[in-house]
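Undergrad:
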Ligand code: SF4
Ligand code: MG
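In UniProt numbering, the protein residues as written are 1 to 331.
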């Protein structure tokens, strides 16, 4: 049985130095600001949002690549502390990550077959060299690579092939948790579809629990069962992927979804948001989305909406959670 992932109040604050004319000052950037969610065993949670929303920081926190500033992560019921201690080292054997950049993630000097084998040498010392080679051949077959591809160097392969190598390397130790950060964003759309299909096939067989970070809603709709929408380090909406995309409740989700044609959702005109998201060192008071929200009310400027759960959906918006406000004058 693969483990459940439970995240409670997770946060990560970075110190940023700002140089002024006469003096420099330090400000705090809340990249991830107290997020909570659960991923059921074998389930895939998509995380979407604009760049700077805290998606990638969340992915790195989940695998202990950077320490958290606060909060709690449990995997398979086991708690891992914010400090990156021995617990984490033990835990990491059960987790793998697939990164954003296919070229940067592979060593240009080592044939890809050896790179796929490497995690077995580290995590499965009981295997003989012949057993490892058999595992590599099997994994390459599953991911749609031919045996002779193993002797190639990364630069001798296409972008789609390299991303298959990265997926094979992550899955060869049969991880219980897989965290993906924009794994197909660098690929052409047609190659994306092929890689995602292979990914889905393997997922059906291996059944790992997963988190899939992407700015691309179409990709998330294909691979995830649930989706969390992030804005300025917070989750503003979370729920079943089909439900959220067919009937988005938060005004920010509505804007994101309106930019993508989704089958089953009546065509509505595109909602274009004003401006870029504010900087995470300067999060607006009240609802962090109020500076761009087409539905903003006066209360939104001072009162921070909490993420409130109703059934299988949770939304952080006054209009959704406190409908009496909807009668209030627009700000
Ligand atoms: Fe918009 Fe107000 Fe809802 Fe925030 S709380 S999303 S500003 S309506
Ligand atoms: Mg990112």
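Beta carbons: idealized from backbone N, C-alpha and C, even for Gly.
Please read all numbers here as calculations on a predicted model, not as lab measurements.
Whose CA, out of 17, 32 and 34, lies closest to the CA of residue 26?
TA: Of the listed residues, the one whose Cα sits closest to residue 26 is 17.
Undergrad: Quick one: complete alpha helix (DSSP H) runs, 4+ long, within the segment 230 to 284?
TA: Complete alpha helix (DSSP H) runs here, min 4: 241 to 246 and 251 to 258.
Undergrad: Any chance you could list the residues with Cβ under 5 Å from a heavy atom of ligand 1, keeping chain order?
TA: Those residues are 251, 287, 289, 290, 293, 295, 296, 300, 305, 317, 318 and 319, given in chain order.
Undergrad: Check whether the segment 158 to 165 touches the segment 187 to 201, taking contact to mean three or more Cβ pairs, one atom from each stretch, closer than 8 Å.
TA: yes
Undergrad: Quick check: what's the CA-CA separation for residue 198 versus residue 318?
TA: 41 Å
Undergrad: Between residue 336 and residue 225, how many whole angstroms is the CB-CB distance? I'm expecting something under 8 Å.
TA: Given that the chain is displayed from residue 1 to residue 331, the structure contains no residue 336 and the question cannot be resolved.
Undergrad: Can you tell me where the alpha helix (DSSP H) holding residue 114 begins and where it ends?
TA: Per DSSP, residue 114 belongs to the alpha helix (DSSP H) from 112 to 123.
Undergrad: Determine whether the beta carbon atoms of residue 250 and residue 316 lie at a separation below 8 Å.
TA: yes
Undergrad: Beta-carbon within less than 8 Å of residue 172's beta-carbon, same chain only, minus the 5 sequence neighbours each way: which residues are those?
TA: 116, 117, 119, 120, 135, 136 and 139
Undergrad: Apply the 10 Å Cβ neighbour rule to residue 1 and answer buried if 16 or more other Cβ atoms are within range, or exposed otherwise.
TA: Reliability fails at residue 1, whose pLDDT of 49 lies under 50, so the model's placement of it is uncertain and the value that follows must be treated cautiously. Answer is exposed; the Cβ neighbour count stays below 16.
Undergrad: Roughly how far, in whole angstroms, is the beta-carbon of residue 181 from the beta-carbon of residue 59, given that I think they are within contact range, below 8 Å?
TA: Between residue 59 and residue 181 the Cβ distance is about 5 Å, and since that is below 8 Å, they are a contact.
Undergrad: For the alpha helix (DSSP H) holding residue 87, just list the boundary residues, first then last.
TA: Where residue 87 is concerned, the enclosing alpha helix (DSSP H) stretches over 86 to 92.
Undergrad: So, do the segment 289 to 296 and the segment 36 to 52 have three or more beta carbon pairs nearer to each other than 8 Å?
TA: no
Undergrad: Cβ atoms of residue 206 and residue 31: under 8 Å apart, would you say?
TA: no
Undergrad: Do residue 178 and residue 98 have their C-beta atoms within less than 8 Å of each other?
TA: yes
Undergrad: Could you name the residues of the same chain whose beta carbon sits closer than 7 Å to that of residue 255, not counting the 5 residues immediately before and after it, in chain order?
TA: Cβ within range, chain order: 271 and 273.
Undergrad: Identify the continuous beta strand (DSSP E) that holds residue 296 and give its terminal residues.
TA: It is not in any beta strand (DSSP E) - residue 296 carries neither H nor E in the DSSP assignment.
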